[in-house]
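Undergrad:
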Amino acid sequence: MTAEQAILLAILIPLIGALLIGLTGKKPNLRETVSLLTSITLLGTVLSLLPTVLDGQQPSVTLLEIAPGLAIRFDLEPLGMLFACVAALLWPINTLYSIGYMRGNNEQHQTRFYICFAIALSSTMGIAMAGNLLTLFICYEVLTLSTYPLVTHKGNEDALKAGRVYLGILLSTSIGFLLLAILWTWHLTGTLDFKAGGILAGKVAGPELIILLFLYMYGIGKAALMPIHRWLPAAMVAPTPVSALLHAVAVVKAGVFSVVKVVVYVFGLDMLKISAGADWILWLAGFTILVASIIALRQDNLKRRLAYSTISQLSYVILAIFILAPLSTVAAALHIAAHAFGKITLFFAAGSIYTAAHKTSISQLNGIGYRMPWTMTAFSIGAISMIGLPPTAGFLSKWYMLMGAFQEQQLFAVLVIVASTLLNAAYFIPIIYAAWFKQPKQDEHEHSHGEAPRAIVLALMITAALTLLLFFFPDVPLQLATSLTGGHS
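My numbering puts the sequence shown at residues 178 to 666.
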């Protein structure tokens, strides 16, 4: 199988899986087996492309040429390879978790759930491998539409209201801002292709550049920059496997991935570095990091605290890329992977607690570590990674971020990273302390419970292990991330 065939297969496999899931929907065991096998097949296909990209090649395939110079095309460069690997690796684990969660909570419409999940992964692969802005935009919109039924899965008034917020913000920003930015870029350059060093150099400057940058940054609403972040906490009404998809596997990662891709391959780091006024995004990202962290501190609902933590962590990627240093560019790419493994672990743990103990509030978690030791051990590892402490993946990306900020003498970025790390500790450590060192409230002794179903516990232990393994074995992600800067770090 050629690399070009593997690229097309990576996008096609989840769609075939979605069809087969629909056909086997009346037989739950068979349906879930199909879903699991589809995700494993996708992982194998994506990993088969890894040696090619590590060798410095960038396979490309054109699916459809709409007009001269305007095509639906897929290219696989290092950043896309990293994102595709993360999403493909986490899908089978999330599927395993979903089987335990959806059955353990007797959720309705499970066939629809698995179908939409598969379509979302197909569009995620399309985003990761997009060769130009047109392809990226199409796959970005498919991802939004395919995840809407997942957000509204429960079908109650709260879910439908959250779905309206979700769809309203993401579609209005992408059509109102991102599409306009893409058309403007085509007008300026005559191309929408991603190119090392950018395609806008010498084509735009001054206020025009700042406006175009604004359109891209706010057009990519999935990156959740304030004040267009409300869709993310609103979507927490969805089942926990959906929250994990939104926060780790696909949606928000598609957002920050698209930001990094636009900065590196459309604007170009060198052009932004010499452009006056482009650093406003750095300040906005810092603002989002700190304010979201402060809001997270005030949340008693566990999933809402994790949601605001995600908003903060996403802006780390944006902050890192707009430091405009080789080391911080590496940090931006690494943090996409580090945050994915850590945050999916945290959401898996939240779902495990809900399934086994029916608890959603942090104030209810006193002493739960002794009844759910595997779950809370995994949660502790994920939380430590979000804080950025060794030996977890989060330490690596924050280390490179700080080194990049020092490299560019960006004192503001240094202060934001240090302050937000302390805030991260302030909203995660009390949860860990309460779980392991506080006594449960008197009325909770009457309702003894153990761990969640095995599929849930196994999935969250695997992602916790990945969070640790990325710290000890960072070579492949680091090589892909370093390739973004031409091998210079």
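Beta carbons: idealized from backbone N, C-alpha and C, even for Gly. All values derive from a computational prediction rather than experimental measurement.
#1: Got a sec? Which residues, its chain only, sit under 7 Å from Leu389 by beta carbon, not counting five neighbours each side?
#2: Applying the 10 Å Cβ sphere with the 16-neighbour rule, what's the burial state of Tyr485?
#3: Grab the span of the alpha helix (DSSP H) containing Glu181 for me, first residue to last.
#4: Is the beta carbon of Ala425 closer than 8 Å to that of Leu267?
#5: Whose C-alpha, out of Met549, Gln541, Trp457 and Leu566, is nearest the C-alpha of Ala590?
#6: Starting from the C-beta of Leu504, find all residues in its chain whose C-beta is less than 6 Å away, skip the five residues before and the five after it, and write them out in chain order.
#7: With DSSP as the reference, label Phe371 as helix, strand or coil.
#8: Along the chain, where does the beta strand (DSSP E) that runs through Val238 open and close?
#9: Answer yes or no: do Ile466 and Ser435 have a C-beta to C-beta separation smaller than 8 Å?
#10: Quick check on the DSSP output: the alpha helix (DSSP H) that includes Phe648 runs from which residue to which?
#11: Are at least three pairs of beta-carbons, each pair with one atom in the region 438–446 and one in the region 459–474, less than 8 Å apart?
#12: Rounded to whole angstroms, what's the CA-CA distance from Lys536 to Leu542? Just pull it up for me.
#13: Whole angstroms are fine: how far does the CA of Arg208 sit from the CA of Lys399?
#14: Any beta-carbon of chain D closer than 8 Å to the one on Ile498?
#15: For the beta strand (DSSP E) holding Ile249, just list the boundary residues, first then last.
#16: For Glu623 and Ser562, I'd like the C-alpha separation in whole angstroms.
#17: Within a Cβ cutoff of 8 Å, which residues of the same chain sit near Tyr395, ignoring the five residues on either side of it in sequence?
#18: Report the partner residues of Ala307 according to the DSSP bridge assignment.
#19: Taking contact to mean 3 or more Cβ pairs, one atom from each stretch, closer than 8 Å, check whether the region 289–299 and the region 622–642 are in contact.
#20: Go ahead and pull the three-state DSSP assignment for Ser452.
#21: Distance, Cα to Cα, Ser492 vs Lys203?
#22: How big is the Cα-Cα spacing for Asn333 and Ala244?
#23: Where does Ile352 land, buried or exposed, given buried means 16+ other C-beta within 10 angstroms?
#24: According to the neighbour-count rule (16 or more other Cβ atoms, all chains shown, within 10 Å of its Cβ), is Glu254 buried or exposed?
#25: Assign Gln287 to buried or exposed, taking buried as 16 or more other Cβ atoms, counted over all protein chains shown, within 10 Å of its Cβ.
#26: Do Ile530 and Ile608 have their C-beta atoms closer together than 8 Å?
#27: Since I believe Ala421 is in contact with Leu657 (beta carbons under 8 Å), could you give me their beta-carbon distance rounded to a whole number of angstroms?
#28: For Ile633 versus Gly528, is the C-beta distance shorter than 8 Å?
#29: To the nearest angstrom, how far is it from the Cα of Pro236 to the Cα of Val653?
#30: Report all residues from its chain with a CB closer than 6 Å to the CB of Leu344; omit the five preceding and five following residues, and keep chain order.
#31: In this structure, how does DSSP classify Asn206 when only helix, strand and coil are distinguished?
#32: Assuming Ala264 and Ala307 make a contact with CB atoms under 8 Å, what is their CB distance in whole Å?
#33: So Ala431 and Tyr604 are in contact, right, with Cβ under 8 Å, and what is the actual spacing, rounded?
#34: Ordered along the chain, which non-local residues of its own chain (more than five positions away) have a Cβ less than 7 Å from that of Phe572?
#35: Kindly list the residues whose CB is nearer than 6 Å to the CB of Thr329, restricted to its own chain and excluding five residues on each side of it in sequence; keep chain order.
#36: What do you get for Phe614, buried or exposed, if any count of 16 or more other CB atoms within 10 angstroms of its CB means buried?
TA: Per the coordinate set shown:
#1: Here the set comprises Ala358, Trp361 and Val381.
#2: buried
#3: Ala180 to Leu200
#4: yes
#5: Trp457
#6: Tyr577, Met580, Gly581, Gln584 and Ser666
#7: coil
#8: Ser237 to Ala244
#9: no
#10: Boundaries of the alpha helix (DSSP H) around Phe648: Arg631 to Phe649.
#11: No, because fewer than three Cβ pairs between the region 438–446 and the region 459–474 fall closer than 8 Å, the two stretches do not touch.
#12: 8 Å
#13: 30 Å
#14: This model lacks chain D altogether; it includes just one protein chain.
#15: Note, Ile249: beta strand (DSSP E), Leu247 to Asp252.
#16: Confidence at Glu623 is low in this model, with a pLDDT of 45, below 50, so the placement of that residue should be treated as unreliable; the coordinate-derived value is given next. So the two alpha carbons sit approximately 34 Å from each other.
#17: Cβ within range, chain order: Thr350, Phe354, Leu402 and Ile405.
#18: Phe251
#19: Three or more beta-carbon pairs separated by less than 8 Å are not found between the region 289–299 and the region 622–642, which leaves the two stretches without contact.
#20: coil
#21: Taking the straight line joining both Cα atoms gives about 42 Å.
#22: 45 Å
#23: When all chains shown are included, Ile352 counts as exposed.
#24: Note on Glu254: 16 or more other CB atoms within 10 angstroms of its CB, so buried under the neighbour-count rule.
#25: buried
#26: Ile530 places its beta carbon 8 Å or farther from that of Ile608.
#27: Their Cβ separation, rounded to whole angstroms, is 23 Å, which puts Leu657 and Ala421 out of contact at 8 Å.
#28: Yes, the Cβ-Cβ distance between Ile633 and Gly528 is below 8 Å.
#29: One C-alpha to the other measures close to 18 Å.
#30: Tyr325
#31: helix
#32: Going by Cβ atoms, the distance from Ala264 to Ala307 rounds to 13 Å, so no, they are not a contact pair.
#33: Going by Cβ atoms, the distance from Ala431 to Tyr604 rounds to 26 Å, so no, they are not a contact pair.
#34: Same-chain partners within the cutoff: Gly565, Leu566 and Phe648.
#35: Ala336, Leu337 and Gly340
#36: exposed
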